[in-house]
Amino acid sequence: MLSNVSGDTSQWHSFGMEWKEHIAWFSPLLATVAIFMVFYYRRGLATNNTARKITMAFFVLAFATAAIAGVFGALITKAAPVK
Numbered sequence: 263m264l265s266n267v268s269g270d271t272s273q274w275h276s277f278g279m280e281w282k283e284h285i286a287w288f289s290p291l292l293a294t295v296a297i298f299m300v301f302y303y304r305r306g307l308a309t310n311n312t313a314r315k316i317t318m319a320f321f322v323l324a325f326a327t328a329a330i331a332g333v334f335g336a337l338i339t340k341a342a343p344v345k
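So the number in our numbering is just where the residue sits in the sequence shown, counting from 1, plus 262.
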């Protein structure tokens, strides 16, 4: 990997790469949990507020981790392009 990261931003680069490589893979797991809860509770989600909120939280977390990984990936590629 080519990297022209300065000393001031090296910790951000390390954090971004760690997030992108090791934390972002939780996104599909969280989305799978959400869809499992939808299939498990089916119509019960309409009446069970707690289950509905938990399902929405898992789904929002899945998208948030994927979005953050995408932003870090774009910023890292902009700062240290692969040649």
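All C-beta atoms, glycine included, are put in the ideal place defined by N, C-alpha and C.
Distances from the CA of F298 to each of W287, A286, R314, T309 were compared; the closest alpha carbon is that of R314. Annotation for M279: F334, I338 place their beta carbon closer than 8 Å to its own, counting only its chain and skipping 5 residues before and after.
A contact is defined here as three or more CB-CB pairs under 8 Å, and the segment 321–329 meets this definition with respect to the segment 284–294.
Residue range 288–303 is occupied by the alpha helix (DSSP H) that includes I297. Taking T317 as reference, the option from E283, Y302, F277, K282 with the minimal CA-CA separation is Y302.
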